[in-house]
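Just so you know, we're using the UniProt record's numbering here: the sequence shown kicks off at 6 and counts up by one. Just so it is clear, CB atoms sit at the ideal spot from N, CA and C, and this is done for glycine as well. All remarks here apply to the structure that follows.
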Amino acid sequence: NIKGFVFDLDGVIADTSVYHSKAWHQLADELGVQWSEDLANNLKGVSRMDSLELILKTGGKENDYTQEEKEKYAAKKNTNYLELLKGMNASAILPGISDFLTSLEEHDYKLSLASASKNSPLVLEQLGLAQYFKEKVDPSTLKHGKPDPEIFARGAEVLGLKPEECIGIEDAKVGVESINSAGETSIGIGDPNILNEADINFTSTTDLTLNNIQKAMEVGQL
Ligand code: G6P
Ligand code: MG
């Protein structure tokens, strides 16, 4: 039986994945790396340094910079990202999410956050949603990023639950893979062709309701 929900943040709870994309796009232009929708999709859920590595690799520039220079570029992206976050408020919460969180609390489900973003505490504060996520995985303590199961496994652990008692919610392909290999039930939010490994797929957060999840699962599982 499902007792908890482990949430991704960017692109699931808030519309911040577009800000991450914008900030990386700016940096890719500066580095002379061709931006594409595929690259944007492949960056979803990927940690800051791994994202920079992927951008450099895409442009065949993975050997062009020292570690120090790479850290400088990653810091620059984060400065751009923080600039875009300024003034962000509850209006950036994706449609249906506030109601969904309220209903999860009403039904006594436990909630945790499994975001790769070091900015997630700040984002939750700005959205006014911090009170829902007292249990969070600290991404700076992880050995491996998504698609490794570590972050979603820890998301269940911090709730004192077994993986099979949890549903993980993700908008990134690597995130769905992480949920699945952690042994949790996966919900993918977005393009079903990209998130084809998700146990349950919703194209929009507006479809994220206990009712719809119940319908998509085997009888009695929720
Ligand atoms: C999330 C986002 C990624 C972002 C990563 C690291 O997974 O989907 O786009 O690169 O977090 O975020 P940070 O805020 O730590 O740079
Ligand atoms: Mg995401």
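(request) Could you check what DSSP says for GLU155 in three-state terms: helix, strand or coil? (result) Three-state result, GLU155: helix.
(message) As a quick check of your reading: which residues have a C-beta less than 7 Å from at least one non-hydrogen atom of ligand 2, in chain order?
(response) Counting only residues whose CB is nearer than 7 Å to a non-hydrogen atom of ligand 2, the list in chain order is ASP13, LEU14, ASP15, GLY16, VAL17, SER22, LYS49, GLY50, GLU175, ASP176, ALA177, GLY180.
(request) Please say whether GLU155 and ALA161 have beta carbons closer to each other than 9 Å? (result) No, these two residues do not count as a Cβ contact at 9 Å.
(message) So, for LEU61: in the same chain, excluding its five sequence neighbours on each side, which residues have a beta-carbon less than 6 Å away from its beta-carbon?
(response) Counting only Cβ-Cβ distances below 6 Å, and skipping sequence neighbours, we find GLU67.
(request) Scan the region 116-146 and note each continuous alpha helix (DSSP H) run of 4 residues or more that stays entirely inside, going in chain order. (result) Residue ranges of uninterrupted alpha helix (DSSP H) with 4 or more members, entirely inside the region 116-146 and ordered along the chain, are 125-132.
(message) By the three-class DSSP mapping on this structure, what secondary structure does ILE199 have?
(response) Note: ILE199 maps to coil in three-state DSSP.
(request) In the DSSP assignment, find the beta strand (DSSP E) that holds THR107 and state where it starts and stops. (result) Boundaries around THR107 are those of the alpha helix (DSSP H), 102-111, since no beta strand (DSSP E) includes it.
(message) Please state the DSSP three-state secondary structure of ILE7.
(response) Annotated three-state conformation of ILE7 is coil, per DSSP.
(request) Measure the alpha-carbon distance for ILE98 versus SER122 and round it to whole angstroms. (result) Our two residues, ILE98 and SER122, have alpha carbons roughly 16 Å apart in a direct line.
(message) Only counting the same chain, and skipping five residues up and downstream in sequence, which positions put a Cβ closer than 6 Å to that of HIS17?
(response) In the sequence on display, residue 17 carries Val and not His. Same-chain partners within the cutoff: ILE174, ASP176, ILE194.
(message) Would you say the beta carbon of LYS75 is closer than 8 Å to some non-hydrogen atom of ligand 1?
(response) For ligand 1, not one heavy atom lies less than 8 Å from the Cβ of LYS75.
(message) Bridge partners for ASP15 per DSSP, in chain order?
(response) BP columns for ASP15 point to ALA19.
(request) Can you check DSSP and say which residues form a bridge with ILE194? (result) In the DSSP output, where bridge partners are listed per residue, ILE194 has PHE207.
(message) Taking 8 Å as the cut-off, does the region 19-31 touch the region 43-63 (at least 3 CB pairs, one atom from each stretch)?
(response) Two segments are said to touch when three or more pairs of C-beta atoms, one from each, lie closer than 8 Å; by this definition the region 43-63 touches the region 19-31.
(request) Give the C-beta separation of LEU14 and SER125 to the nearest angstrom, bearing in mind that I take them to be a contact with Cβ-Cβ under 8 Å. (result) Contact check for LEU14 and SER125: beta-carbon distance about 5 Å, within the 8 Å limit, so the pair qualifies.
(message) Alpha carbons only, please: which of LEU44, VAL38, GLU223, GLU111 is nearest the one belonging to GLY65?
(response) Ranking LEU44, VAL38, GLU223, GLU111 by Cα distance to GLY65 puts VAL38 first.
(message) Assuming GLY9 and TYR114 are in contact, meaning their beta carbons sit under 8 Å apart, how far apart are those beta carbons, in whole angstroms?
(response) That pair is a contact at about 6 Å.
(request) Just the C-alpha distance for LYS141 and VAL179, rounded to the nearest angstrom, thanks. (result) Cα to Cα, the separation comes out at about 19 Å.
(request) Quickly, what does DSSP pair GLU76 with across the bridge? List them, please. (result) Under the DSSP definition of a beta bridge, GLU76 lacks any partner.
(request) From the DSSP output, in three-state form, read off GLY160 for me. (result) Correct three-state label for GLY160: helix.
(message) To the nearest angstrom, how far is the alpha carbon of ASP69 from that of HIS149?
(response) Computed Cα separation, rounded: 25 Å.
(message) Once the 5 residues before and after THR63 are set aside, which same chain residues still bring their CB inside 7 Å of it?
(response) Excluding five sequence positions before and after THR63, the CB atoms of its chain that fall closer than 7 Å to its own CB belong to VAL38, LEU44, given in chain order.
(request) Return the CA-CA distance between ASN206 and ASN94, expressed in angstroms with no decimal places. (result) Looking at the two C-alpha atoms, the distance is approximately 27 Å.
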